[in-house]
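Right, one structure below, let's go through it.
In the working numbering, the protein residues as written are 82 to 360.
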């Protein structure tokens, strides 16, 4: 079979299995099996696959049909225009989290940011993206998971920022060596009862998804700590889920009555990032 025929067949099979973005996922899996970039794949549409290539692709396709996320199968995910290594020990970066990076860069353009911290860094995509976009800034990245920090360390090496991003094992801000100007966090915010038990998301670490009974347990814990971890005039950026903007902003206003809070929606119109600016 040719590349074109295999790609069309895989798209059909994935679509029949109700897999979202079946066309894109088929392409990513085939590119990985053939070790080709996107442009190279489409230049080779009439090429015949070798038996080894067919076997490699079938193995990847079977894993996807078995419920394994494509990002784990190929070992990477694109985020903010760059590829980041991922594996079962880390949450797969989502496109909506790019808004967190964008808001952080807006803050950095408006206010001096000499040091920042990402809390719950996972694979390190947010911290590394910010380190690359803000080369003069000291970046700390914390995570309670040692396995996640190993993936983040590999990504720091991949993107050449091992000397710029300090990876700190520990819970929330407890290992932060100094107060910072900016704290960004994509903490678990899925309600415990809503954490998927089947499908691709169920393969991701529960620790990175489960936000407790109302989804806000870890967010509240972080908010209680930020006064000691953030410099005067500093800013906190939190990624949140649908319907959480009201409870989170009300909680922050109760803790910091004189601070300014804002909410930024994502491209789908869902309130996605809450910001708190200390006076």
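The C-beta atom is built at its ideal place from N, Cα and C for all residues, glycine as well. What you are looking at is a predicted structure, and each value in this text was computed from that prediction instead of being measured.
| Asked | Found |
| --- | --- |
| Could you compute how far the alpha carbon of residue 358 sits from the alpha carbon of residue 305? | 15 angstroms |
| First and last residue of the alpha helix (DSSP H) that includes residue 136? | 132-146 |
| Runs of 4 residues minimum, wholly inside the segment 226-250: which ones carry the alpha helix (DSSP H) assignment? | 227-239 |
| Taking only runs of the alpha helix (DSSP H) that begin and end inside the segment 272-318, which ones reach a length of at least 4 residues, in chain order? | 298-310 |
| Tell whether a beta-carbon distance below 8 angstroms holds between residue 264 and residue 317. | yes |
| Roughly how many angstroms lie between the CA atoms of residue 295 and residue 271, to the nearest whole one? | 8 angstroms |
| Over what stretch of residues does the alpha helix (DSSP H) that includes residue 179 continue unbroken? | 179-191 |
| Within this structure, are the beta carbons of residue 34 and residue 333 separated by less than 8 angstroms? | Look at the range of the chain in this structure, 82 to 360, and you will see that residue 34 is not part of it. |
| Comparing C-alpha positions only, which one of 251, 280, 274 sits nearest to residue 229? | 251 |
| With DSSP as the reference, label residue 341 as helix, strand or coil. | strand |
| Assuming residue 303 and residue 253 are in contact, meaning their beta carbons sit under 8 angstroms apart, how far apart are those beta carbons, in whole angstroms? | 5 angstroms |
| With a cut-off of 8 angstroms on the beta carbons, I'd call residue 198 and residue 246 a contact; round off their distance for me. | So it is not a contact: roughly 10 angstroms between Cβ atoms. |
| Apart from the five residues just before and just after residue 209, which ones in its own chain have a Cβ nearer than 7 angstroms to its Cβ? | 236, 237, 240, 242, 246 |
| Which residues bound the beta strand (DSSP E) around residue 164? | 163-166 |
| Using DSSP's beta-bridge definition, name the partner residues of residue 358. | 316, 341 |
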